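Asker: full-length UniProt numbering applies: residue 1 is where the sequence shown begins, and numbers increase by one. No residue lacks a Cβ here, since even glycine has one placed at the ideal position from N, Cα and C. Because the structure is a prediction, the values reported are computed rather than measured. Pasting in a structure now, in structure tokens, and then I'll have a few things to ask.
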Amino acid sequence: MTMTAAAQANAVRFGVKTARETIEAAIETVGIRDPAYCSVTRLLAERARRMADAIDIRIARGEQVGPLAGVPFGVKDLFDVAGEVTTAGSVVLASDPPKEDDAIVVQRLIAAGAIPLALLNMDEFAYGFATENAHYGVTRNPRDTDRLAGGSSGGSAAAVAGGLVPITIGSDTNGSIRVPASLCGVWGLRPTQGRLPLGGVYPFAASLDVVGPFAGDVDDLKLAFEAMDGHALDEVPDTRGLRVARLGGWFEQDLVPALREGLERLTGFFGTSRVVELPEPARARAASFVITAAEGGSLHLPRLRTRPIDYDPATRDRLMAGAMLPAAPVIRAHRVRNWFREQVHALFEHVDVLIAPATVGPAPRIDQPTIMVGGKPVSARANLGLFTQPLSLAGMPILAAPLAPPAHEGASAEERLPLGVQLIAAPGKEASLFAMATALSQAGLLGFPTPAPAPVHMSSSNSGNS
Numbered sequence: 001m002t003m004t005a006a007a008q009a010n011a012v013r014f015g016v017k018t019a020r021e022t023i024e025a026a027i028e029t030v031g032i033r034d035p036a037y038c039s040v041t042r043l044l045a046e047r048a049r050r051m052a053d054a055i056d057i058r059i060a061r062g063e064q065v066g067p068l069a070g071v072p073f074g075v076k077d078l079f080d081v082a083g084e085v086t087t088a089g090s091v092v093l094a095s096d097p098p099k100e101d102d103a104i105v106v107q108r109l110i111a112a113g114a115i116p117l118a119l120l121n122m123d124e125f126a127y128g129f130a131t132e133n134a135h136y137g138v139t140r141n142p143r144d145t146d147r148l149a150g151g152s153s154g155g156s157a158a159a160v161a162g163g164l165v166p167i168t169i170g171s172d173t174n175g176s177i178r179v180p181a182s183l184c185g186v187w188g189l190r191p192t193q194g195r196l197p198l199g200g201v202y203p204f205a206a207s208l209d210v211v212g213p214f215a216g217d218v219d220d221l222k223l224a225f226e227a228m229d230g231h232a233l234d235e236v237p238d239t240r241g242l243r244v245a246r247l248g249g250w251f252e253q254d255l256v257p258a259l260r261e262g263l264e265r266l267t268g269f270f271g272t273s274r275v276v277e278l279p280e281p282a283r284a285r286a287a288s289f290v291i292t293a294a295e296g297g298s299l300h301l302p303r304l305r306t307r308p309i310d311y312d313p314a315t316r317d318r319l320m321a322g323a324m325l326p327a328a329p330v331i332r333a334h335r336v337r338n339w340f341r342e343q344v345h346a347l348f349e350h351v352d353v354l355i356a357p358a359t360v361g362p363a364p365r366i367d368q369p370t371i372m373v374g375g376k377p378v379s380a381r382a383n384l385g386l387f388t389q390p391l392s393l394a395g396m397p398i399l400a401a402p403l404a405p406p407a408h409e410g411a412s413a414e415e416r417l418p419l420g421v422q423l424i425a426a427p428g429k430e431a432s433l434f435a436m437a438t439a440l441s442q443a444g445l446l447g448f449p450t451p452a453p454a455p456v457h458m459s460s461s462n463s464g465n466s
């Protein structure tokens, strides 16, 4: 069992283990496990060793080190890392010069003592929900390597679920943290829009882009977020006083029975069966599609004109379609966004936390990448964000959490796959989300065993490690 980030940091700070030993163990784990997952695209071994040695020297001198001292973390290849090329999962950017500085949130994690160990796989330019990357391989779900990890931050979720590192960072424009966290059975956070800086992060759709952490448990998620935020969260003394409701209507359709039952257990824990509906979520999702396509297409148009062949065809076609959108529907989409945000924020005058599913069910198979919506199979790459996309418009903090696995022994392999939920609060209320998630985790209602068991079969042909 991989130690949590908190346990690793304590072991380093109190001399049980050196930071160098921690990093060497993580490097070895990546080499053994990741060929089956394809979550890592580049290993930052030499830099990690240098940073670990520096931490050990500071400890030997009696100096104070941060709360994440010696903890290895993974970085979605959308964030700048000093000395590395930020490819954003593409070959289009692969010939760019290496970055001189780390992204701001990477700098903050390093300041807390954490050590960047690897760059992680993703959907090309963050445009997708599957991490089926035409250049660097398909990231496989550590819970079942025949299934998708989700995306676009699939490498970030898989690296935690597979026990490679205890924390990672990713981005979320329309669900790219929440979807893979749900499918891989780990924890993720889309913070309040604008709370964390985007300096040194390759953009997708600037109106919606947010960055956040992944972790194997809620305590590590909080540690990572506080480091990225630069501030400790306020304490919420009594979660029993939280006003909780479940999202209905749009957010009840097509759910597998176990997910529906799990959502009812969560609200039941707080003594309520209250259900509320958001206004016109389908319209909000459509607006999200339009804004994302238009902003992504506009950003990439110069390269699409000169290097179209270097893009993944699926990504290229969607970006080109976005670039050709006329102004009128884009303006209307932003008006819908503003209206929807006002309507959703008004709900929090009467409720503190909303609960919703993150996806309709477990991870789809790689050889059959579809989900059932309205009784029909639809593309997973485009539609896994069915429940995440509308919420992105409102800019609220959303914590993705895995339901606890079934306790009965007769559950099938598919029934034991992770199912995820979204905990949603008003802007700036991340502390309420963490308090609620901690209470539900301690009650045994949230949390999935991490890491996943070691893969039975290994295949290096799918790995982009170097």
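Quick check on the burial criterion: 16 or more other C-beta atoms within 10 angstroms. Buried or exposed for isoleucine 309?
Answerer: exposed
Asker: Drop a sphere of 10 angstroms on the beta-carbon of asparagine 338, count the other beta-carbons inside from all chains shown, and report buried for 16 or more, exposed for fewer.
Answerer: Exposed, by the Cβ-count rule.
Asker: Return helix, strand or coil for glycine 241, following the three-state DSSP convention.
Answerer: helix
Asker: Round the Cβ separation of arginine 283 and valine 211 to the nearest angstrom and send it over; I've been treating them as touching at under 8 angstroms.
Answerer: Valine 211 and arginine 283 do not touch by the CB rule: their CB atoms are close to 27 angstroms apart, not below 8 angstroms.
Asker: Could you check what DSSP says for proline 281 in three-state terms: helix, strand or coil?
Answerer: helix
Asker: Would you mind working out which of Val85, Arg140, Arg47, Gly447 sits nearest residue 549, comparing C-alpha positions?
Answerer: With the chain covering 1 to 466 only, the question about residue 549 has no answer from this structure.
Asker: Would you tell me roughly how many angstroms separate the C-alpha atoms of lysine 99 and alanine 88, rounded to the nearest one?
Answerer: 13 angstroms
Asker: Measure the alpha-carbon distance for arginine 341 versus proline 203 and round it to whole angstroms.
Answerer: 22 angstroms
Asker: What is the rounded straight-line gap between the Cα of aspartate 317 and the Cα of methionine 324?
Answerer: 11 angstroms
Asker: Alpha carbon to alpha carbon, how far is arginine 50 from proline 197? Give it in angstroms, no decimals.
Answerer: 27 angstroms
Asker: Straight-line CA distance for cysteine 184 to glycine 199?
Answerer: 28 angstroms
Asker: Going straight from the alpha carbon of valine 218 to that of glutamine 8, what length do you get?
Answerer: 15 angstroms
Asker: Where do the N-terminal and C-terminal ends of the alpha helix (DSSP H) with arginine 108 fall, by residue?
Answerer: 104-111
Asker: Going by DSSP, name the residue or residues bridged to methionine 372.
Answerer: Pro377
Asker: When you compare only the Cα positions, how much space is there between alanine 227 and arginine 108?
Answerer: 6 angstroms
Asker: Got a sec, what are the start and stop residues for the alpha helix (DSSP H) proline 390 sits in?
Answerer: 389-392
Asker: Keeping to the same chain, check which residues put their C-beta closer than 7 angstroms to that of threonine 29; ignore five residues upstream and five downstream.
Answerer: Cβ within range, chain order: Gly163, Leu164.
Asker: Measuring straight from C-alpha to C-alpha, what distance separates proline 213 and glycine 447?
Answerer: 16 angstroms
Asker: By the 10 Å Cβ neighbour count, where 16 or more other Cβ atoms means buried, how is phenylalanine 125 classified, buried or exposed?
Answerer: Buried, because 16 or more other Cβ atoms sit within 10 Å of the Cβ of phenylalanine 125.
Asker: I need the boundaries of the beta strand (DSSP E) containing threonine 145, first residue and last residue.
Answerer: 144-148
Asker: Verify whether the separation of the beta carbon atoms of alanine 5 and leucine 223 is less than 8 angstroms.
Answerer: Going by C-beta atoms, alanine 5 is nearer than 8 angstroms to leucine 223.
Asker: Hey, how far is the Cα of threonine 168 from the Cα of leucine 301?
Answerer: 31 angstroms
Asker: Would you list, in sequence order, the uninterrupted beta strand (DSSP E) runs of no fewer than 3 residues that lie entirely inside the segment 162-225?
Answerer: 167-172, 187-190, 210-215
Asker: According to the neighbour-count rule (16 or more other Cβ atoms, all chains shown, within 10 Å of its Cβ), is arginine 61 buried or exposed?
Answerer: exposed
Asker: With a CB to CB cut of under 6 angstroms and the five nearest residues on each side skipped, what residues in its chain are close to aspartate 96?
Answerer: Val85
Asker: Could you please give me the residues that DSSP links to lysine 429 through a beta bridge?
Answerer: Paired residue(s): none; lysine 429 is not in a bridge.
Asker: Tell me where the alpha helix (DSSP H) around proline 116 begins and ends.
Answerer: Here proline 116 belongs to no alpha helix (DSSP H); instead the beta strand (DSSP E) covers 115-120.
Asker: Just tell me which of Pro364, Ser273, Ala425 has its CA closest to the CA of valine 351.
Answerer: Ala425
Asker: Looking only at its own chain, which residues have a Cβ that is under 7 angstroms from the Cβ of alanine 112, when we skip the five neighbours before and after it?
Answerer: For alanine 112, where only same-chain residues beyond five positions count, the Cβ hits under 7 angstroms are Gly66, Pro67, Leu68, Ala227.
Asker: Within this structure, are the beta carbons of leucine 255 and proline 357 separated by less than 8 angstroms?
Answerer: yes
Asker: How many whole angstroms separate the CB atoms of asparagine 121 and glycine 155, which I take to be in contact at a CB cut-off of 8 angstroms?
Answerer: 3 angstroms
Asker: Assuming alanine 114 contacts threonine 450 under a Cβ cut-off of 8 angstroms, what Cβ separation, rounded to an integer in Å, is found between them?
Answerer: With 8 angstroms as the limit, alanine 114 and threonine 450 do not qualify as a contact, their Cβ atoms being about 18 angstroms apart.
Asker: Could you work out which residue in Pro72, Ser379, Ala435 is closest to leucine 399 when comparing CA atoms only?
Answerer: Looking at Pro72, Ser379, Ala435, the one whose alpha-carbon comes closest to that of leucine 399 is Ala435.
Asker: By alpha-carbon positions, which one of Ile331, Leu263, Gly296 ends up nearest to alanine 205?
Answerer: Gly296
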